[in-house]
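Anchor point for the sequence shown: position 107 equals 109 in my numbering, and the numbering is continuous, going up by one each time.
Heads up, the beta-carbon is just placed ideally off N, CA and C, and yes, glycines get one too.
Remember, it's a predicted structure, so these values are computed and weren't measured experimentally.
Before any comments, here is the structure.
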Amino acid sequence: MKDENLVQAVDRALAILETLKAAGEALGVTELGARVGLHKSTVYRLLATLARHGYVEQDPATERYSLGLKLVELGTAVLERLELRDLARPYLKRLMEASQEVAHLVVLQDGEVVYIDKVECPGPVKMYSQLGRRAPAHATAVGKVLLAFLPKAQVDAILARGLPRLTPHTITDPERLRRELRLIRERGYALDNEENELGIRCVAGPIFNHTGQVVAAFSISGLALRLLPAKLEELGGLVRETSREISARLGYQPAATGVPCAL
Numbered sequence: 003m004k005d006e007n008l009v010q011a012v013d014r015a016l017a018i019l020e021t022l023k024a025a026g027e028a029l030g031v032t033e034l035g036a037r038v039g040l041h042k043s044t045v046y047r048l049l050a051t052l053a054r055h056g057y058v059e060q061d062p063a064t065e066r067y068s069l070g071l072k073l074v075e076l077g078t079a080v081l082e083r084l085e086l087r088d089l090a091r092p093y094l095k096r097l098m099e100a101s102q103e104v105a106h107l108v109v110l111q112d113g114e115v116v117y118i119d120k121v122e123c124p125g126p127v128k129m130y131s132q133l134g135r136r137a138p139a140h141a142t143a144v145g146k147v148l149l150a151f152l153p154k155a156q157v158d159a160i161l162a163r164g165l166p167r168l169t170p171h172t173i174t175d176p177e178r179l180r181r182e183l184r185l186i187r188e189r190g191y192a193l194d195n196e197e198n199e200l201g202i203r204c205v206a207g208p209i210f211n212h213t214g215q216v217v218a219a220f221s222i223s224g225l226a227l228r229l230l231p232a233k234l235e236e237l238g239g240l241v242r243e244t245s246r247e248i249s250a251r252l253g254y255q256p257a258a259t260g261v262p263c264a265l
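As structure tokens, this is what we get:
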């Protein structure tokens with residue numbers, strides 16, 4: 003049955019990549035066309051596009067094509083994410099048990115946070131959150147803690163897209179957000195005071211890799227009536243310590259300043 007949602011050009015480009023993978027060697031345009039059932043002019047255009055973005059490489063001497071290093075980069079990113087989930091999960095479980103609230107793990111993608119793991123607290127009240135769900139970085143504790151430790155150019159690019167208001171508490175002024183990011187760097191954790199969803203508060207910490215780059219964030223989230231200011235401050239200390247522990251497992255060694263980067 004034909005899938006009406008398929009994009010033909012993308013489907014054909016992926017068929018070329020799969021064919022090169024299966025071949026295990028470089029192939030010419032004519033041979034590739036025969037294997038995927040496409041005219042060589044179509045294959046040539048698809049290969050030119052893939053080569054431009056690094057997904058295939060052409061040998062100048064033989065003019066044959068093989069898989070490009072961009073695919074290694076993508077595969078490595080996926081593996082790192084899976085490894086990060088496995089590494090972080092015991093810490094998420096510990097945070098959940100200590101707080102009796104839900105713990106999340108997120109990464110930043112295209113200026114938004116993406117939830118990649120979750121440890122739910124047993125009990126009748128469940129918090130709505132889904133793996134794979136996205137949320138604006140500026141309106142979440144996990145997003146703000148990631149922004150706080152990104153290079154200035156990346157933060158500028160994300161803020162330039164706009165800061166939509168999700169609740170009456172959402173920070174929509176860029177300068178106010180920058181001030182908050184400076185505070186987050188100083189104390190080592192971020193707060194979401196009903197900025198993404200009314201009735202929900204969160205406290206979040208960063209995760210750094212061996213190069214000092216912030217690669218993920220984690221949070222404790224719960225109902226605002228339970229996570230009062232005093233409780234958030236108490237959990238902030240736990241989050242800060244957990245941030246140090248997970249980052250150390252990834253080979254992170256804090257610089258003398260204690261701040262990997264600054265706006």
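CA nearest to the CA of residue i, picked from the options
i	options	result
V217	M98, D194, L185, I248	I248
E20	N7, D61, G70	G70
V58	G39, L34, L40, H41	L34
E177	I118, A162, Y191	A162
P138	G164, N195, F151, D61	G164
D88	R251, P256, Q255	R251
P153	R184, L16, Q255	R184
A159	R228, E114, E199	E114
A53	K42, L73, F151	L73
Exposure of residue i, with buried meaning 16 or more beta-carbon neighbours within 10 Å
i	result
T259	Because the pLDDT at T259 is just 38, under 50, the model does not fix this residue reliably, and the value given afterwards should be weighed accordingly. Classification for T259: exposed.
S223	buried
N7	exposed
G238	buried
S245	buried
M3	In this prediction, M3 scores a pLDDT of 42, lower than 50, which makes its location untrustworthy; no coordinate-derived value is stated.
P208	buried
D119	buried
N198	buried
E188	exposed
Inter-residue Cα distance where the pair is residue i and residue j
i	j	result
A24	I18	10 Å
Q102	C123	6 Å
V116	F220	11 Å
L2	R136	Coverage of the chain is limited to positions 3 through 265, which leaves residue 2 absent and any answer about it impossible.
H55	A28	18 Å
A90	I202	23 Å
L76	L110	15 Å
R167	L200	12 Å
Supposed contact pair residue j and residue i - C-beta distance, whole angstroms, cut 8 Å
i	j	result
V144	H106	7 Å
A226	A206	About 15 Å; that fails the 8 Å criterion.
G269	Y254	An answer regarding residue 269 cannot be provided, because it is not within the stretch 3 to 265 covered by the chain.
L49	R14	About 11 Å separates the two Cβ atoms, so there is no contact after all.
heavy atom of the ligand PLP below 6 Å from residue i C-beta
i	result
G253	Within the structure as shown, the ligand PLP is missing, as the structure has no ligands at all.
is_contact[residue i, chain D] using C-beta, thresh 7 Å
i	result
S68	No chain D is part of this structure, which consists of one protein chain only.
> Which full runs of the alpha helix (DSSP H) of 4+ residues lie inside the region 137-208, going along the chain?
Replying inline: 143-150, 154-161, 176-189
> What are the complete beta strand (DSSP E) segments, minimum 3 residues, inside the region 28-60?
Replying inline: 58-60
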